[in-house]
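Have a look at the structure below before the remarks.
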Amino acid sequence: MSGNVGMEALIPIVNKVQDAFTQVGMNSVIDLPQIAVVGGQSAGKSSVLENCVGKDFLPRGSGIVTRRPLILQLNYVEKGEWGEFLHAKGKKFTDFDEIRREIEAETDRMTGSNKGISDIPINLRVFSPHVLNLTLIDLPGITKVPIGDQPPDIEFQIRGMIMQFISKPSCLILAVTPANSDLANSDALKLAKEVDPEGIRTIGVLTKLDLMDDGTDAKEILDNKVLPLRRGYIGVVNRSQRDIEGKKDIKQAQAAERKYFLSHPAYRHLAERAGTAFLQKTLNQQLTNHIREVLPSLRSKLEQQLTSMESEVKEFKNLGMSGGREDKSAKPRMMMQMVNRVTHDFEEMIEGGGNHVDTTSLSGGAKINTIFHFRFPGYLNEGRLDEKELRKEIGFAIRNIHGVRSGLFTPDAAFEMTVKRQIETLAPPSMKCIQQVSTELHEVIMKCIDKIKNYPRLQAEIDNLVSGYLRECETHCREQIQQLVEVELSYINTNHDDFIGFNSTAKDESVKDVQNAGSESQQPGRESKSKLIKKGWLSTTNVGLTKGLSREYWFVLYTDALAWFKDESERDQKYYLTIDGVKMKSSEEEEEGGGLFGHRKFKIQLFHPNARYLFREYRELTLYAKDEDDMEDWRASFLRAGIYTHRSQMDMEDLEDEDHKPKFERLFEDPQLERQVEVIRTYVNSYMAIVRKTFKDIVPKHIMCLMVNKMKVFIEIELMPSLYGAGNPAELMEESEDEVRRRQELLGMYDACKDALKTISEVTAKTSSTPLPAPVHSNNHHSAPSPNMNASRMPKSDSAHSLSQSQRSRPPPDLPNRPTGRSAPNAGATRPAPAPPGGGSRRPPPPSRPARPN
Ligand SMILES: Nc1nc2c(ncn2[C@@H]2O[C@H](COP(=O)(O)OP(=O)(O)OP(=O)(O)O)[C@@H](O)[C@H]2O)c(=O)[nH]1
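Numbering (my numbering) for the sequence shown: 101 to 954.
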């Protein structure tokens, strides 16, 4: 294909821009508009389209030839020239005559050979080094009277088919009208006006100038004086049927056409604005406009991309890592930067805030906070005895102290012994708290060093040093907490301000008060007023369901009850369970077959050791948490609500005497002992409340001081020197292959982006846009723009221009308003003879096609 020099000139420009963008990872950035030809039957549409491409390959002839839309995709390739049909995939047509025959055959295949039509398009792709990536659409000609196999509503069908293509705002419309017919009746112009009332994307093409009646010409139409179009009309002389049959080639035809215009007295003055070459030029200029139109947005995309890479590239450059000779100080500096990043991230994850806040789960500081204030208070209740067990312990202590004698007074020692045993139970929950915080700190470290995984040796070394230090901190913290327990054990301070103790003057009164308070709440951990502790989803297998199936409910735990609902709205309550005396067992079990939350099930069982049924006909309530964390939270919450872990049967055995009668029952056969037990129990509860409160406060403080803060200081101050001690920075900063590749890609991309920007500047400098002509004013055809016209699509550059022009709403000086008498037959055809009155009412019959075989 070589008949369109202008289009060929655009190819290197488009290719240059495309290539520049392919390098930066963006494809098909220039999406050229579609061009469709519309017009009456045999108006010369296919001929015009062929001329646009500059290659001879479409079927032409008299009668209805184009009976299916032809979507012609031109594709630029560096070498070779061939066509491919969608319906014959894989077959390359190198002979363009064969392409023509295939179009004819494929048309017949779908429509029959007797002039039937179909809206199913034929898709043809033409690959050539001489074309731009463009889509051209050849449409069936508008016809009114059905012939052959055509349906009665042929006009309606063809119209629909055409509309489907030309109504797209990105479609450029070539409205083809033969000069030897009445322009005022041009269906092409009517359709174009419907979809493009402003005339922004319509170009009028007047064919068959050579077939006009002798003595008539289309000078006025071409001068845009008759039915003016915003973009005016371009007159062409295509090859006649005889030329085609005689194989007149496209170049010869264009030379003859040029000669025609230059030699014709009516057209000589506009010879530079007429003919196939000018039509090509106009279209090519539209494409140039379009290309220039997209350049600013491409430029800003590139600039954005460049800015996003700039800081990293600068970093590499500063560090001498952007190619060339490597700077010796680069690696130590880089190492320093990496350590600073870890320090910063660690601090941010512990202290909160920062740019990368996790919105899916608690982590870092927030998680530690939960451990301190939500879980730990629950854990502190873990080793706690319920009232019955406590009474038993105290009873044994008193009896053992009295020995063989029956004691008259309540022994202080029994109080101290019981309290000490209780204090000892605080160590394991405190250790558990330390261990959980340590695990979380380790996770935070892992997240921080994950960002330096491109330096695997540095990452491993930091992990090694920091994790080692964390272990040291944990050990030290454990020792300190153990010491704290020992401190508490070393002196039972019955003079504590909050103790209801022995020194109270109104001792008996206060004992009574405490006793009452104690009996109000049988479970010591439970706060007397009902308060909300936790809400959340849990699944259960035994709430009115077939065994084995589990279902989720919304559980709400109060200090004295557990309620569950259908969902979070808490409207549909399934049950309300009073939790007095309820115990729990929790475990993790392997799942058999597919389960709710994954492969492991985290189970908590609630039951009533003293009653047959927990609720309804169920002995226990089995709950499944979604993961280990969730189970821990629920366990801690149950503990806070006074639902303690059930002791195993083994533990209970030491409460029985030799004849298996519960010792506990025996105890209370002695009313004196019972009274003493009650007094001590009250004191123990009061004293333990003080110790628990102290632990609740002091253990988190120790952990913060001895672990969290120490870790922060270590990472900030000691990590760097320790790394130097551990190895040579150059070795530690050895990059992973991925990082080397990433850096090269980034630098490559950066350079490509810069090149692409340069290309855009060059293209902008070498090409120019043409402004869209001002709107024309006509009462009939292309009228003033309607407000809902979308003028921004096609072609954008001059559409913007057009808007500003149209806002001035003044006709351009060189375009007179529409002359009167527009509907005159053969309007625009000027006759040398005196014009008939009224603009010419004589109407020469339009010649039937081909009017005059040349
Ligand atoms: N003399 C002369 N003949 C032309 C001109 N333009 C087209 N023709 C002839 O008119 C006939 C129809 O041309 P086509 O290009 O097939 O017209 P079309 O509009 O595609 O026709 P359909 O697809 O059938 O509607 C062919 O024989 C062409 O050679 C022209 O400017 N001058």
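Positions of the beta carbon are idealized from the N, C-alpha and C atoms, including for glycine.
DSSP three-state assignment for residue i, whether helix, strand or coil
i	result
Pro278	strand
Tyr783	helix
Gln437	helix
Asn151	helix
Gln250	coil
Tyr555	coil
Glu410	helix
Glu482	coil
Leu122	Note that residue 122 is Thr in the sequence shown here, rather than Leu. Helix, per DSSP.
Ala826	helix
Met833	coil
Ala356	helix
Arg167	coil
Gln583	helix
Gly568	helix
Leu382	Before going on, a small fix: residue 382 reads as Thr here, not Leu. Helix, per DSSP.
Arg331	coil
Glu516	helix
C-alpha gap between residue i and residue j, whole angstroms
i	j	result
Tyr591	Lys547	44 Å
Phe372	Arg358	Here residue 372 is Glu; the residue named in the question, Phe, does not match the sequence. If you take the alpha carbons of Glu372 and Arg358, they lie about 9 Å apart.
Val808	Lys553	24 Å
Leu806	Val442	20 Å
Asp317	Leu309	7 Å
Lys192	Val226	10 Å
Gly568	Glu574	10 Å
Trp664	Pro529	29 Å
Ser363	Gly848	58 Å
Leu232	Gln405	27 Å
Asp253	Arg168	16 Å
Ser281	Met312	9 Å
Leu385	Cys271	This sequence places Gln at residue 385; Leu is not what is there. Each residue's alpha carbon lies about 15 Å from the other.
Leu955	Tyr676	Look at the range of the chain in this structure, 101 to 954, and you will see that residue 955 is not part of it.
Asn564	Gln673	52 Å
Pro887	Leu387	Confidence is the limiting factor: at Pro887 the pLDDT is only 33, short of 50, which leaves the residue's position unreliable, though a coordinate-based value still follows. C-alpha separation (whole angstroms): 26 Å.
Lys414	Ser408	11 Å
Glu572	Val537	14 Å
Thr539	Ser630	34 Å
Outcome for residue i when other beta-carbon atoms lying within 10 angstroms are tallied against a minimum of 16
i	result
Asn151	buried
Val245	exposed
Arg651	exposed
Gln380	buried
His230	buried
Leu649	exposed
Tyr850	buried
Tyr713	exposed
Gln559	buried
Met517	buried
Glu728	exposed
Lys802	It should be noted that the sequence gives His, not Lys, for residue 802. Counting Cβ neighbours within 10 Å, His802 comes out buried, since at least 16 surround it.
Ile113	buried
Gly495	buried
Rounded distance between the beta-carbons of residue j and residue i, thought under 8 Å
i	j	result
Ile450	Lys812	7 Å
Thr867	Arg392	6 Å
Gln257	Ile217	7 Å
Ile203	Leu170	7 Å
Asp219	Met261	5 Å
Ile991	Met684	Not covered by the structure: residue 991. The range shown for the chain is 101 to 954.
Val276	Gly144	6 Å
Leu274	Val148	6 Å
Pro240	Thr166	5 Å
Val863	Leu395	7 Å
Problem set entry | Given 8 Å, three or more beta-carbon pairs between the stretch 473-489 and the stretch 508-527 | yes
Exercise. Would you say the stretch 173-187 touches the stretch 371-380, given that touching needs at least three Cβ pairs under 8 Å?
Worked result: no
Problem set entry | Cβ pair count under 8 Å reaching 3, the stretch 232-245 against the stretch 133-140 | yes
For this session: State whether the stretch 576-596 contacts the stretch 857-876, with contact taken as three or more CB pairs (one from each stretch) at a distance under 8 Å.
Result: no
For this session: Kindly confirm or deny that the stretch 280-298 and the stretch 137-147 touch, where touching means at least three C-beta pairs closer than 8 Å.
Result: yes
For this session: Would you check if there are 3 or more beta carbon pairs closer than 8 Å linking the stretch 382-391 to the stretch 791-798?
Result: no
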